[in-house]
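The numbering of the sequence shown is the numbering used here, which starts it at 181 and goes up by one.
C-beta atoms are modelled at their ideal positions from N, C-alpha and C, and glycine is treated no differently.
See below for the structure under consideration.
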Amino acid sequence: MADSKQSVDMLNGGLAKKLLVFALPLAASSILQQLFNSVDVAVVGKFDTSTGQAAVGCNAPVINLLINLFGGLSIGANVVISTYIGQGKKEKAKDTVHTAMAISMISGVLLLFLGMIFARPVLEWMDTPTDILNQAVIYLKIYFIGMPFVMVYNFGAAILRCVGDTKKPLYALIVSGVVNTILNLFLVIGFHLGVVGVAIATVVSNVISSTFVLICLTKADEIIRLNLKEIAVKTSELSKIMKVGLPAGIQTSVFSIANIFIQAALNGYGSDAVAGSSVTLNYEIYEYYMVTAFGQAAVTFVSQNYGANKYKRCRKIFYECIGMAIFAVIIMSTTFVTGRSFFIGLFTSKPEVAHYAEIRMFYLLIPYILITTYEISGAALRGIGYSMTPAIITMIGTCVLRLTWIYTVCRRVREFRMLMIVYPISWIVTGSICLIVYFILSGRLTEKQSA
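Here it is as C-alpha cells:
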C-alpha cells in the first residue's frame, strides 16, 4: 500500500514542496488524533456535565507524559531507519522496522498495567478536585486499556514516515475519528454513559487506526515492509533506537512532567478553572502538532541527508521547516484568538468556564510562535546525531524553570494569570539556548563538508 509513488526523494531536488507534502498530512493526522480527546471534552461538556468535562480534561497531562516517554522511542526508530535508507543499508532498515514494532507492543502492554495501577494515586497526588476525581479515574483506566493500540499506531506511523508516507496514517485517523465521534454521541446522548461512554469510544477508535496502519506496513515498500512472523528485538538496533529515542522521549516527557505540576496547581482554582483550561488546551495542541509536524519533517529529512553526508542541505532543511512552522502558527493563533467566542463556545456554554478559557488563550496562544524555536532546532539536532543535547536543554529551560515558578512566584501571588505566564517565559529561555546550540553544532558539520 505504501508503494514507490508514496515515497519521497529527500536527498535531491527542491525541498519546500516535499516538506509540505510530508508535514501537512502528518499535522492533520496528529490533529485528528487529538480530536479524539477534543470530541470527548466537547460531548461531555455539551451533553453531560461540566464536572465530567473537567474529569476528561484533567487527564491530559498524565496521558501525554506516558505516551511521550515511550513515543520518543518511535522518533528513535524514525531516525535510525531514515539514516539507514540514506546510507543504502536496506537489511539494517528492515531489522530496525521489526525491532521497532516489537518495542511498540511491549511498551503498550507496560503502559496498560501502569495505567491500571497508578491512575487513582497519580490523580490524588495532583489534588484533583473531589467532585471530579472518581470520574477522572474511570476515564483514565478505560483509556489505558487501548494503550497497546496507541503505541502500535505511533510506531507504525513513524516507520511509514521514513519513506515520506504520511498519508496512510492520515487515512487511518479519518476513519477512526469518524467512528469515535459517532460512538461518543451514541453512548453519551443515547445511553447516558457520560465519561465512560467517551472513554470506550476512544479505545475503539484506537483499535481501528492501529489495525489500518499494520495492514499498510505489511504491504509497504520492501525496505520497510513488516512481516508479522519476523517481529523480534535485535539488540544492535534496539541500542541505536534507545540512543536517539530515549533522550527524545525524555525531552517531550519533561514538558509533561512540568505540566503535571502545573495541573496540580491549576486544580487548586476549582473545577471551572480546570474545565476552562482544558478547553483552550485543545487549540494549543492543534498548533503544537502543526509545529511538531514540521519538526518530524526536519528530523526525517535531516537524518537521511546526514546519512548521505549532505550537511549543507541539512541546514537548508532547518531554515525551511522553521519558516513554515512560524507561518502556520501565526495563521492558527490569529484565527483562534480573534474568533475566541466561537471556538470556546464549541466546548462550553458556562460563563465561568469560558472566562478561564479566554485568559489561557491570551497568555498562551498569542506568544505560541516561540515554541518553534526549540521544537524545530531540537528536531534538527536529533537528525544530526545530537539527541541528548535538546533533552538536557529542555529539562533545564522548561521543567526546572516551571517548577521553580510554581513553588515561588505562584505561592506568593495566587492568581490564575500568574500561573499561565510561566509558559511563554520558559519558551523564551528554552528556545534561545536551543537555537544557539544548533547553530554551533550544525556549523561544525558545514565547515567539515567545505574543508
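Asked	Found
What is the DSSP secondary structure of CYS501, reduced to helix, strand or coil?	helix
Jot down the residue ranges of each uninterrupted alpha helix (DSSP H) in the stretch 236-322, minimum 4 residues, whole runs only, in chain order.	240-267 and 270-305
How many angstroms separate the CA atom of LYS198 from the CA atom of VAL188?	7 Å
Going straight from the alpha carbon of THR552 to that of ASP401, what length do you get?	32 Å
Are the Cβ atoms of VAL517 and ILE546 separated by less than 8 Å?	yes
Do ALA280 and ILE502 have their CB atoms nearer than 8 Å?	no
Indicate the three-state DSSP secondary structure (helix, strand or coil) for CYS342 in the structure shown.	coil
Assuming the contact rule is C-beta atoms closer than 8 Å, VAL236 and VAL378 should be a hit. Round their C-beta distance to whole Å, please.	7 Å
Using the Cβ count rule (16 or more neighbours within 10 Å means buried), how would you classify SER606?	buried
Roughly how many angstroms separate the alpha carbons of VAL330 and VAL384, rounded to a whole number?	11 Å
Identify the continuous alpha helix (DSSP H) that holds PRO570 and give its terminal residues.	568-574
When DSSP labels each residue in this structure, what does ASN407 get in the three-state scheme?	coil
Please name the residue, chosen from GLY565, PHE324 and VAL413, that lies closest to THR480 on a Cα-to-Cα basis.	GLY565
For GLY611, which residues of its own chain have a beta-carbon under 6 Å away from its beta-carbon, when the five flanking residues on both sides are left out?	LEU550, THR553 and TYR554
In whole angstroms, give me the CA-to-CA distance for SER483 and GLY251.	18 Å
Can you tell me whether LEU461 is helix, strand or coil according to DSSP?	helix
By the 10 Å Cβ neighbour count, where 16 or more other Cβ atoms means buried, how is GLU464 classified, buried or exposed?	buried
What residue range is occupied by the uninterrupted alpha helix (DSSP H) comprising ILE354?	347-365
Just how far apart, CA to CA, sit TRP305 and PHE293?	19 Å
Please state whether the Cβ-Cβ distance between TYR548 and ALA207 is less than 8 Å.	no
Output needed for VAL434: all residues of its chain with C-beta closer than 8 Å, excluding positions within five of it in sequence on either side, in chain order.	ALA571, THR574, MET575, THR578 and CYS579
Once DSSP output is grouped into helix, strand and coil, what is the label at LYS423?	helix
Can you name, in chain order, every residue of its own chain whose Cβ lies under 6 Å from the Cβ of SER284, other than the five neighbours on each side?	MET331, VAL332 and PHE335
Within its chain, find whatever has a CB closer than 6 Å to the CB of GLY288; leave out the 5 residues flanking it on each side and keep chain order.	MET327, PRO328 and MET331
Are ALA352 and LYS321 close, meaning C-beta to C-beta below 8 Å?	no
Straight-line CA distance for TYR587 to TYR319?	29 Å
When the Cβ atoms of the stretch 521-538 are set against those of the stretch 496-510, are three or more pairs found closer than 8 Å?	no
Please classify HIS278 as buried or exposed, where buried requires at least 16 neighbouring CB atoms within 10 angstroms.	buried
Compute the beta-carbon to beta-carbon distance between THR528 and VAL459, rounded to the nearest angstrom, for a pair I have assumed lies under 8 Å.	6 Å
Taking Cβ to Cβ, would you say VAL454 is nearer than 8 Å to ILE255?	no
Does the Cβ of GLY519 have 16 or more other Cβ atoms within 10 Å, making it buried, or fewer, making it exposed?	exposed
Which stretch, first to last residue, makes up the alpha helix (DSSP H) that contains CYS579?	Note, CYS579: premise wrong, no alpha helix (DSSP H); not H, not E.
Use the C-beta contact count for PRO301: other C-beta atoms within 10 angstroms, 16 or more gives buried, fewer gives exposed.	exposed
Nearest by alpha-carbon distance to SER667: which of LEU461, VAL201, LEU212 and ASP275 is it?	Since the first residue of the chain shown is 181 and the last is 631, residue 667 is not available in this structure.
Kindly give me the distance between the Cβ atoms of CYS342 and ILE404, rounded to whole angstroms, as I take these residues to be in contact under 8 Å.	6 Å
Between which two residues does the alpha helix (DSSP H) containing ALA560 stretch?	551-563
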